[in-house]
Amino acid sequence: MQIKESPETFDVIIVGSGAGGGMATKILSEAGLNIAVIEAGPFYDPADPVSRTQLKWSYESPRRGASTTRPFGDFDAAYGGWDIEGEPYTKKNGTEFDWFRSRMLGGRTNHWGRISLRFGPLDFKRKSIDGLGDNWPISYDDVKPYYDKVDKLIGVFGSKENLPNDPDGFFLPAPKPRLHEMYYIKGARKANIPVYPSRLSILTKPINDSRGVCFYCGQCSRSCSVYADFSSGSCLIFPAQKSGGQIKLYTDSMVREVVTDDSGKATGVIFINKLDRKEYKLNAKVIVLAASACSTARILLNSKSKVHKDGLGNSSGLVGKYLHDSTGTNRMAFVPELMNRETYNEDGVGGMHVYTPWWGNDKKLNFPRGYHIESWGGLGMPSYGFGFDANALNKFVGGQVGGYGNALRNDVKKFYGSVIGLAGRGESIPVESNYCEIDPDVVDEWGIPVLRFHYKWSEYEKLQANHMHETFEEIFDGMGAEALGDRPSKEDDYGLLAPGRIIHEVGTTRMGDDPKKSVTNKYQQLHDVDNVFIVDAGPFVSQADKNPTWTILALSWRTCDYIVSELKKQNI
Amino acid sequence: MNRRDSIKSILLGSVATGLVINGCTTKTSSVDGLPEVKETPLYGRTEKEILRDQELFESDFFNEHELATIAVLCDIILPKSDPYVSATEAGVKEFIDFIVRDMEDQQIPLRGGIMWLDSFSNKLYNKEFIACTNEEQYDICDRIAYPEKTKPELIQGEVFFTRIRNLTLTGFYTSKEGIKELGYKGNTPNIWDGVPEEVLKKHGFEYEEAWLAKCVDQSNRGDIAKWDDEGNLIS
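Going down the list, the sequences are from chains A and B. Numbering-wise, this note's numbering puts 548 at position 548 of the first sequence, and it's gapless, one number per residue. Numbering-wise, this note's numbering puts 1088 at position 88 of the second sequence, and it's gapless, one number per residue.
So this is what it looks like as structure tokens:
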């Protein structure tokens, strides 16, 4: 069958509906442009009672929320995961990379942790400090006005702290700390490590009259039915539709390639309709790629033509290169003083109420860059896995481990809410030798050549993970807690999680002033083709120890302003 | 809202346009701005997941003897103890019966573990585990229920008992009855305003004034946020 082609020419096609694509949909449609949004997964609205998991009880799931079909459990709002049936990827030379994808409207914004941290002035210019990687072609001052606008448009709670590299914004007030967080504050302060209210995109007060306010169920990972947390659908795409934007939403549609004409300019995209398994073509004046760092690289590399022999925008050979994820490692501890707690509703917001930003910029350390610390604990709703090794903690307090009968009942209640977890999330050094490329031998079920990953952590990241564990133990000591399990050794890379596990992958189409050393310019426009833009995390030159979403949103907005201005000037 | 209606098909020229979310946002009650929780079918499964669960519900794994053995073990692990119900009364047998179909890696250890238990029971008492008296059953469990005290030749039994104990406890404390017994009080719309003061005090804590100044004043949680140019909240 011939490819079906739409007679309509859109002003803009946006590929992907996550943070970057959602923001582009809002800004470009509000500028009066005629938009097509193409999403590889189904429609999803957190308010839809049919797909809602929020406020469901563990026993409503026959597997009690276990992770058999969804990697973060039955109630998590991510359709997808590190493995998607029919959509494989491969790995090269025995290296590791785990690639998480959410196939749904709004993408990963539906389930993410809502940790919304601005990059600081240092984060854009790290090479000037440690000589590693590269500086961004832009600075904090270029992005600040957009961070400010994102804060006000979407809403983020936090506190003004005047920290040099963790800039303040327009914050909603923070929730009060939970009990285990009071222990965390105590322990961290004893270890001379600062703690502040966390910064999450959850509404503790309304910012307009179309979204609800947090009602403290602690379930942002299930996506909020009153839109009190940020997801791309609820905060960007639906409001853009509501305000009359010309937006056509193509769901279950997987883009294979960007089509170019003889001059090399992009004219549209070809996608596969997953429902009828046929190919379609849409045409547009401008293409905005927001498919995620790796999916966008895949589309570009699969868009080969006479003019773009190595793939679209790839004259530098750097599409897919400099892939990097956050570093991460975790440790848990038992807090004896939290035994036999009184129970009360401690769900709070869907994430931590306090956190530690990186405090060591001025310290001499054996690794570059830094990390922030997240914590968890408290009186959560039991789900699958609760009660495993229920009384193993008795070894710390002199009780019997194992057994059966009513003693077990007492132990379960004794230890409920007495464990705290700490997670370090840090900045890695981007290198050209960590990359994704097209696997020459393998296609997915849509016939699209798949990605093959090559990724190795260096000593820098491993030493950073070791430092995280040192810090965790100091904090545990400070709070009178007993660290659980053995501290991971050098042989275990100090517990450093495999790349991709933190789901902050960025850098595959990095920005720069030099077309030989970068894929896009500082407006996230391909050096090679002036009507193709990238608004996911691909253009990140480095990714700080901050979660990427707030920067994706700010940069997407900035790029869209540029697109509108260039269209007005008839430059593209 | 019907998802099929809203998405339509994605054939060209027949796409989901306009707003499709009208009428299905959870309504909030006017009193405190908290939403009413509405009953909804299932718990947000995709069509693929519904199909998979359906297949699991319609399949079998354990035979009657195995299920009877599991029931006995469950109630040895968590017996009825007034006012608390037993594991089987809280549906733990059915839970394990489902999990073994859901998680293939549970199948051999559970099936083989039950067989191991019967072999051991036959050796000691010349009858299968469920045919033993309570005292005999306790005697068998005592030999495999205490990690690090198990005789080396019985470690496989200990591994099995640990597995069945884990599944029993997780099945029980995720059930309606178990959650109540545990005292979990959440999963309901509420207004978090910090740890109850007497609990804080008991742990030797109090909220610092400087910290509280950064926290939400729940008495005006409904007022739309406004900031001055410096980012200071003024509402």
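Think of the CB as a built atom: it goes at the ideal place given N, C-alpha and C, for glycine as much as any other residue.
Chain B within 8 Å of K26 of chain A, Cβ atoms only: No, its Cβ sits nowhere closer than 8 Å to a Cβ of chain B.
Using only CA atoms, which one of A:S565, A:A544, A:F533 and A:N571 lies nearest to S639 of chain A? The displayed coordinates of chain A run from 1 to 572. Any statement about residue 639 of chain A would go beyond what the structure contains.
Return helix, strand or coil for V226 of chain A, following the three-state DSSP convention. In the three-state reduction of the DSSP assignment, V226 of chain A falls in the coil class, being assigned neither a helical nor a strand state.
State whether the region 1167-1185 of chain B contacts the region 1084-1104 of chain B, with contact taken as three or more CB pairs (one from each stretch) at a distance under 8 Å. They touch, by the three-pair rule.
Strictly by DSSP, which residues pair up with G75 of chain A? Going by the sequence as given, residue 75 of chain A is Phe instead of Gly. DSSP lists no partner for F75 of chain A.
Return the Cβ separation of S418 of chain A and I247 of chain A in integer angstroms, given the expectation that the two are a contact with Cβ distance under 8 Å. Contact flag wrong, Cβ pair sits at about 50 Å.
Rounded to a whole number of angstroms, what is the C-alpha to C-alpha distance between R1052 of chain B and I1191 of chain B? R1052 of chain B and I1191 of chain B: Cα-Cα distance of roughly 38 Å.
Host beta strand (DSSP E) of A293 of chain A (start-end): Counting along the chain, no beta strand (DSSP E) covers A293 of chain A; the unbroken alpha helix (DSSP H) around it starts and ends at A293 to L301.
Which value, in whole angstroms, describes the spacing of the CA atoms of C1141 of chain B and G80 of chain A? Each residue's Cα considered, the two are about 42 Å apart.
Is it a yes or a no for the region 47-63 of chain A touching the region 461-477 of chain A, going by three-plus beta-carbon pairs under 8 Å? Cβ pair count under 8 Å is below three, so no.
Can you give the Cα-Cα distance for V15 of chain A and V349 of chain A, rounded to whole angstroms? Going by the C-alpha atoms only, they are around 31 Å apart.
Which stretch, first to last residue, makes up the alpha helix (DSSP H) that contains G1113 of chain B? Run containing G1113 of chain B: Q1107 to Y1125, per the alpha helix (DSSP H) assignment.
Chain-ordered neighbours of R1052 of chain B on chain A, where CB pairs are closer than 8 Å: Under the 8 Å cutoff, chain A gives T69.
Buried versus exposed call for T520 of chain A [16 or more other C-beta atoms within 10 Å across all chains shown]: Its Cβ being crowded by 16 or more others within 10 Å, T520 of chain A is buried.
Within the continuous alpha helix (DSSP H) that includes L1056 of chain B, where are the two ends? In this chain, the alpha helix (DSSP H) harbouring L1056 of chain B covers E1047 to E1058.
What's the gap between the Cα of I193 of chain A and the Cα of K1176 of chain B? Rounded to whole angstroms, the gap between the alpha carbons of I193 of chain A and K1176 of chain B is 41 Å.
Please tell me whether S1030 of chain B has its Cβ less than 8 Å away from any Cβ of chain A. Low per-residue confidence applies at S1030 of chain B: pLDDT is 40, beneath 50, and the placement is therefore not dependable enough to give any value.
Is the shortest distance between the beta-carbon of K176 of chain A and the beta-carbons of chain B less than 8 Å? For K176 of chain A, a Cβ of chain B is located within less than 8 Å of the residue's own Cβ.
How far does the alpha helix (DSSP H) with S29 of chain A in it reach, from first residue to last? Note, S29 of chain A: alpha helix (DSSP H), A19 to E30.
Could you tell me which chain B residues have their CB closer than 9 Å to the CB of S232 of chain A, listed as they occur along the chain? Within chain B, no C-beta atom comes nearer than 9 Å to that of S232 of chain A; the closest sits roughly 13 Å away.
What's the C-alpha gap between K569 of chain A and N531 of chain A? Separation of K569 of chain A and N531 of chain A (C-alpha to C-alpha, rounded to the nearest whole angstrom) is 13 Å.
So is A390 of chain A in contact with chain B if we call contact Cβ pairs under 8 Å? Answer yes: the Cβ-Cβ gap between A390 of chain A and chain B drops below 8 Å somewhere.
Within 8 Å of any Cβ in chain A, is that where the Cβ of V1100 of chain B sits? So, not an interface residue.
Would you tell me roughly how many angstroms separate the C-alpha atoms of Y1084 of chain B and E1181 of chain B, rounded to the nearest one? Here the alpha carbon of Y1084 of chain B sits roughly 7 Å from the alpha carbon of E1181 of chain B.
Min CB distance L1169 of chain B to chain A below 8 Å: Flagged as an interface residue toward chain A: L1169 of chain B, by a C-beta distance shorter than 8 Å.
Identify, in the order they occur along the chain, each residue of the same chain with its Cβ nearer than 6 Å to the Cβ of L393 of chain A, setting aside the five sequence neighbours on each side. Contacts found: F334 and F415.
Under 8 Å, Cβ to Cβ, is there at least one residue of chain A near W1116 of chain B? Contact with chain A is absent for W1116 of chain B, since none of that chain's Cβ atoms lies less than 8 Å from the residue's Cβ.
For V258 of chain A, which beta-bridge partners are listed by DSSP? V258 of chain A pairs with A:V269.
If we count the other Cβ atoms within 10 Å of its Cβ and call it buried at 16 or more, is S518 of chain A buried or exposed? Flag for S518 of chain A reads buried.
Does any residue of chain B bring its CB to less than 8 Å from the CB of T90 of chain A? No - not a single Cβ of chain B is within 8 Å of the one on T90 of chain A.
Start-to-end residues for the alpha helix (DSSP H) that takes in A333 of chain A: Counting along the chain, no alpha helix (DSSP H) covers A333 of chain A; the unbroken beta strand (DSSP E) around it starts and ends at T327 to F334.
At the 8 Å Cβ level, is I1021 of chain B part of the contact set with chain A, yes or no? Annotation note: pLDDT 36 at I1021 of chain B (below 50); position unreliable, coordinate value reported separately. It does; some Cβ of chain A falls within 8 Å.
Could you name the residues of chain B that V15 of chain A contacts, counting a contact when the two beta carbons are closer than 7 Å? In chain order: nothing, as chain B lies at least about 14 Å away.
From A:E161, A:F396 and A:D45, pick the residue whose C-alpha is nearest to that of L484 of chain A; which is it? Nearest C-alpha to L484 of chain A: A:F396.
Beta-carbon spacing of G155 of chain A, S201 of chain A below 8 Å: Going by C-beta atoms, G155 of chain A is nearer than 8 Å to S201 of chain A.
May I ask you to report which of helix, strand or coil DSSP gives C1215 of chain B? Looking at C1215 of chain B - three-state DSSP - the assignment turns out to be strand.
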